[in-house]
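Reading the sequence shown from the start, the letters are residues 0 to 116 in numbering that gives the first Met the number 0.
Note that the Cβ used here is the ideal one computed from N, Cα and C, for glycine as well.
In this text the structure is predicted, and so the values were computed from the model without any measurement.
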Amino acid sequence: MGRMRNPPYICAIDAAMDVVGGKWKALILWALDERLRRFGELRRSLPGISEKVLAQQLRELEADGIVRRTVFDESPPRVEYELTDEGVALYTALGALGEWGARRMRELDIVPTHGKE
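And the structure:
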């Protein structure tokens, strides 16, 4: 399993946010919820993220035991990313936050820029 990066934590939410905090990590989990993806697919599904930032965030999520990276010995090289069981559990835990966000967007008449809410 992963490691805790920045203890001590004030509370359990603080520990969870250490793993999923920031602009992109929750969106990476969202993109990987549907299926495993290659790097280019992930980047296309997350408009505005740079290759450098995506690679860094994926490395951190992999180190935390949230994402599994599989490298295939092919030419050209193929690398796939998917959620681990711990990643699925985290994504499930974020479901209530997503429901709150969807409700708030409806109340404010905000339309999501991507397919699913």
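In chain order, what residues of the same chain have a beta carbon less than 8 Å from the beta carbon of residue i, not counting five sequence neighbours either side?
i: Tyr8; result: Ala14 and Asp17
i: Trp23; result: Leu45, Ile48, Val52, Leu53 and Gln56
i: Arg68; result: Leu57, Glu61, Val78, Glu79 and Tyr80
In this structure, how does DSSP classify residue i when only helix, strand and coil are distinguished?
i: Tyr8; result: coil
i: Glu116; result: Low confidence applies here, because Glu116 scores a pLDDT of 44, under 50, leaving its location unreliable; read the following figure in that light. Correct three-state label for Glu116: coil.
i: Arg34; result: coil
i: Trp23; result: coil
i: Asp108; result: coil
i: Leu41; result: helix
From the options, pick the residue whose C-alpha is nearest to that of residue i; which is it?
i: Asp84; options: Gly20, Leu96 and Asp32; result: Asp32
i: Val19; options: Glu73, Glu79, Phe71 and Arg58; result: Arg58
i: Ile65; options: Ser74, Ala25 and Leu82; result: Leu82
What residues are listed by DSSP as bridge partners for residue i?
i: Leu82; result: Val66
i: Arg77; result: Phe71
I'd like the list of long-range same chain contacts for residue i, defined as Cβ closer than 6 Å, with 5 residues on each side in sequence excluded.
i: Leu41; result: Ala30
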